[in-house]
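Data first, discussion second: the structure below is written as structure tokens.
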Amino acid sequence: MARNGRYGLNEAIQVGFLGCGVVGGAAARIIAEHSPDLEERCGARIEIKLIAVRSLAKDREVSLPDQSFTTDPFEVVSDPDIHIVVEAMGGIEPALDLILTAIKNGKHVVTANKELMSTMGRDLVEAAESAGVDVLFEAAVGGGIPIIRPIKESLAGDRIRRVMGIVNGTTNYILTRMSERGEGFAEALGEAEALGYTELDPTADIEGFDAAQKTAILSSIAFNVLVVAGDVQREGIARVTAQDISAAHELGYEIKLLSVSEVADGAIAARVHPAMIPRTHPLANVRDVFNAVFVEGEESGELMFFGRGAGGGPTGSAIVGDVAEVARHIVSGGTSIGWTHRVRARITPLDNVRVRYYVVLSVLDEPGVLSAVAGVFAHYGVSIASVRQEGSGDGATLALITHAGTEGQHSKTFQELHALDVVKAVDSRIRVVGTEEL
Ligand SMILES: NC(=O)c1ccc[n+]([C@@H]2O[C@H](COP(=O)([O-])OP(=O)(O)OC[C@H]3O[C@@H](n4cnc5c(N)ncnc54)[C@H](OP(=O)(O)O)[C@@H]3O)[C@@H](O)[C@H]2O)c1
Numbered sequence: 466m467a468r469n470g471r472y473g474l475n476e477a478i479q480v481g482f483l484g485c486g487v488v489g490g491a492a493a494r495i496i497a498e499h500s501p502d503l504e505e506r507c508g509a510r511i512e513i514k515l516i517a518v519r520s521l522a523k524d525r526e527v528s529l530p531d532q533s534f535t536t537d538p539f540e541v542v543s544d545p546d547i548h549i550v551v552e553a554m555g556g557i558e559p560a561l562d563l564i565l566t567a568i569k570n571g572k573h574v575v576t577a578n579k580e581l582m583s584t585m586g587r588d589l590v591e592a593a594e595s596a597g598v599d600v601l602f603e604a605a606v607g608g609g610i611p612i613i614r615p616i617k618e619s620l621a622g623d624r625i626r627r628v629m630g631i632v633n634g635t636t637n638y639i640l641t642r643m644s645e646r647g648e649g650f651a652e653a654l655g656e657a658e659a660l661g662y663t664e665l666d667p668t669a670d671i672e673g674f675d676a677a678q679k680t681a682i683l684s685s686i687a688f689n690v691l692v693v694a695g696d697v698q699r700e701g702i703a704r705v706t707a708q709d710i711s712a713a714h715e716l717g718y719e720i721k722l723l724s725v726s727e728v729a730d731g732a733i734a735a736r737v738h739p740a741m742i743p744r745t746h747p748l749a750n751v752r753d754v755f756n757a758v759f760v761e762g763e764e765s766g767e768l769m770f771f772g773r774g775a776g777g778g779p780t781g782s783a784i785v786g787d788v789a790e791v792a793r794h795i796v797s798g799g800t801s802i803g804w805t806h807r808v809r810a811r812i813t814p815l816d817n818v819r820v821r822y823y824v825v826l827s828v829l830d831e832p833g834v835l836s837a838v839a840g841v842f843a844h845y846g847v848s849i850a851s852v853r854q855e856g857s858g859d860g861a862t863l864a865l866i867t868h869a870g871t872e873g874q875h876s877k878t879f880q881e882l883h884a885l886d887v888v889k890a891v892d893s894r895i896r897v898v899g900t901e902e903l
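In the numbering used here, the protein residues as written are 466 to 903.
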């Protein structure tokens, strides 16, 4: 491309879009509206050449001439004038095929697609490296929160020990309603649906699939090994009850759907599950649809990144930030750091992951119950940090918090408690996070 003084290029950098929905539409609008600022910041004008959509009949957030739209996404990735392809359609196929074709055709790619990056990220980045182009994916985790580039670049000099986060806004909204208004899960889910915070099928949010994909990406970037979504242990929030939340409050905790990944002895333990977290922890105060990622570095200590984890504006802003980064590389040369590793992570087997639990048991109201229960915990080497007896008669319960032990020890303990005559039911078991080194 021809260069021009301090602005670097005297011809515009052309962007093609795959998708113009919530995210693509906002990103395209931001490029159009912020054009002079982007030119100042990147050293080149950035223009939108072509946008692929499914329907040409819909109104779009960005106003462009009719000929800027096509229903053939392969037209975008094959257009010789396009330098950067923004993939904002989602799903695995045809997004994967389209991105690989774009890379093969020498185009840089910016994507918001966590599903794709958490399963095929390494392949995409390797293909991009062979072709000498960038694949950037800041928008895939945490919406508008800058987190991928800060970990890859600003924290490159540190060793990260643990990353904990609230990375799904829908479940955080539901748990906030349950916590602050005493609503049950179904009622709070209904509110989230009415406000348009859920997908048509809320399973990916509620059951933790969405958070697991983001956890895989974060773990890969933080620990320089390849973690894929299937490596992440996952449990959703559907079993969290209003009683669990009020019990958590009495003990000084909030319940959040937490993404936790940590490294020990060279192996990665990555998981997503509801967890009790002390109200004094910064993550406990992340409310509504907000997201936050809490990073613990050996040198930098504790860092928290907070903001809107979804929505057109925030996610579009992250996409345009990546487009600007690519534009700077086009102007001044070089490429981005893609996936900072190649090697598959060694994953800590689930049974070996160290955890603490809050457990509520419905028990018979008779002498000897506590010692029988304590005996089961002791048998499997799980020590009890606190225990409370509540209620009487049919409503007698025991609420316990354990000290750190493995998932394996805890799960054997729970199995045997189920079989104990004096235990009518294991009503709740929720992991406790953020209170002690494991
Ligand atoms: N929404 C968020 O807040 C958010 C946040 C972070 C990341 N993301 C990710 O961003 C991506 C896009 O999400 P979104 O919420 O923007 O989705 P969306 O609103 O459903 O938009 C998808 C867009 O892709 C187009 N499209 C889908 N399949 C196509 C095909 N085969 N050919 C041509 N166009 C096609 C659709 O066209 P029509 O408009 O004609 O239907 C639509 O414009 C996903 O990977 C998602 O995980 C979303």
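Cβ atoms here follow ideal geometry from the backbone N, Cα and C, with glycine treated the same way.
DSSP three-state call for Y845: helix, strand or coil?
Against the sequence shown, residue 845 aligns to sequence position 380. It is coil, neither helix nor strand.
For I549 and A477, the rounded distance between their alpha carbons
By 1-based counting over the sequence shown, the position of residue 477 is 12. By 1-based counting over the sequence shown, the position of residue 549 is 84. Cα to Cα, the separation comes out at about 11 Å.
Would you say the segment 610-625 touches the segment 662-675, given that touching needs at least three Cβ pairs under 8 Å?
no
Using a threshold of 7 Å, is the CB atom of S679 nearer than that to any non-hydrogen atom of ligand 1?
Here residue 679 is taken as the residue at index 214 of the sequence shown, counted from 1. Just to set this straight, residue 679 is Lys in the shown sequence, not Ser. Checking the Cβ of K679 against ligand 1 gives no.
Nearest-angstrom beta carbon gap, K579 and I686 [assumed within contact, 8 Å]:
Working through the sequence shown from its first residue, we reach residue 686 at position 221. Working through the sequence shown from its first residue, we reach residue 579 at position 114. About 13 Å separates the two Cβ atoms, so there is no contact after all.
Should G630 be counted as a contact of ligand 1 given a C-beta to heavy atom distance under 7 Å?
On the sequence shown, position 165 is the one that residue 630 refers to. No.
Is it a yes or a no for the segment 827-839 touching the segment 708-721, going by three-plus beta-carbon pairs under 8 Å?
no
Would you identify the three-state DSSP class for T867, choosing helix, strand or coil?
On the sequence shown, residue 867 is found 402 positions in, with the first residue counted as 1. T867 falls in the strand class under three-state DSSP.
In the structure shown, what three-state DSSP assignment does P530 receive?
In the sequence shown, residue 530 corresponds to position 65, counting from 1. P530: coil per DSSP, three-state reduction.
Separation of D531 from T641, as counted between CA atoms:
Position 176 of the sequence shown, counted from the start, is the residue given in the question as residue 641. Position 66 of the sequence shown, counted from the start, is the residue given in the question as residue 531. In a straight line, the C-alpha of T641 is about 43 Å away from that of D531.
Classify V887: buried if its beta carbon has 16 or more other beta carbons within 10 angstroms, exposed otherwise.
Counting from one through the sequence shown, the residue named residue 887 turns up at place 422. By the neighbour-count rule (16 or more Cβ atoms within 10 Å), V887 is buried.
Between the alpha carbons of R471 and V808, how many angstroms are there, rounded?
Locating residue 471 in the sequence shown gives position 6, where the first residue counts as 1. Locating residue 808 in the sequence shown gives position 343, where the first residue counts as 1. Residue confidence is low: R471 scores 47 on pLDDT, short of 50, so the model does not pin down where it sits. Its coordinate-derived value is still stated next. If you take the alpha carbons of R471 and V808, they lie about 41 Å apart.
Classify A810 as helix, strand or coil using the three-state DSSP reduction.
Taking the sequence shown and counting its residues from 1, one reaches residue 810 at position 345. The answer is coil: DSSP assigns A810 none of H, G, I, E or B.
Tell me which residues share the same chain as V818 and place their Cβ nearer than 8 Å to its Cβ, disregarding the 5 neighbours each side in the sequence.
Here the question's residue 818 lines up with position 353 in the sequence shown. Here the set comprises Q698, A734, R736, T871 and E872.
Are the Cβ atoms of A491 and G777 separated by less than 8 Å?
For the purposes of this step, residue 491 is taken as the residue at position 26 of the sequence shown. For the purposes of this step, residue 777 is taken as the residue at position 312 of the sequence shown. Contact: yes.
Are the beta-carbon atoms belonging to A577 and I802 less than 8 Å from one another?
Mapped onto the sequence shown, residue 577 falls at position 112. Mapped onto the sequence shown, residue 802 falls at position 337. No; because the gap between Cβ atoms is not below 8 Å, this pair is not in contact.
In the DSSP output, which residue or residues are listed as bridge partners for F759?
As a first step, residue 759 must be located in the sequence shown, where it is residue number 294. Bridge partners of F759: M629 and M769.
Would E763 and R627 qualify as a contact pair, given that the criterion is a beta-carbon distance under 8 Å?
Taking the sequence shown and counting its residues from 1, one reaches residue 763 at position 298. Taking the sequence shown and counting its residues from 1, one reaches residue 627 at position 162. Cβ distance not < 8 Å, so E763 and R627 don't count as in contact.
Backbone CA spacing between I710 and Y845 [nearest angstrom]
Position 245 of the sequence shown holds residue 710. Position 380 of the sequence shown holds residue 845. Approximately 28 Å between the Cα atoms of the pair.
For L905, which three-state DSSP category applies?
The requested residue 905 is not part of the displayed model; the chain covers only 466 to 903.
In chain order, what residues of the same chain have a beta carbon less than 8 Å from the beta carbon of S533, not counting five sequence neighbours either side?
On the sequence shown, position 68 is the one that residue 533 refers to. The answer, listed in chain order, is I513, K514, L515 and I516.
Check whether the Cβ atoms of L483 and V551 lie closer than 8 Å to each other.
What you label residue 483 is simply residue 18 of the sequence shown in a count that begins at 1. What you label residue 551 is simply residue 86 of the sequence shown in a count that begins at 1. Yes; because the gap between Cβ atoms is below 8 Å, this pair is in contact.
Would you mind sorting R646 into buried or exposed? The rule is 16 or more other CB atoms within 10 Å of its CB.
Here residue 646 refers to the residue found at position 181 when the sequence shown is read from its first residue. It is exposed - the Cβ of R646 has fewer than 16 other Cβ atoms within 10 Å.
Could you check whether G607 and V590 sit closer than 8 Å to each other, using their CB atoms as the reference points?
Residue 590 sits at position 125 when you count from the first residue of the sequence shown. Residue 607 sits at position 142 when you count from the first residue of the sequence shown. No, the Cβ-Cβ distance between V590 and G607 is not below 8 Å.
Through-space distance from G731 to G701, alpha-carbon basis
As a first step, residue 701 must be located in the sequence shown, where it is residue number 236. As a first step, residue 731 must be located in the sequence shown, where it is residue number 266. Their backbone Cα atoms lie some 27 Å apart in a straight line.
Helix, strand or coil: how does DSSP classify P538 here?
One-based indexing of the sequence shown puts residue 538 at position 73. Looking at P538 - three-state DSSP - the assignment turns out to be helix.
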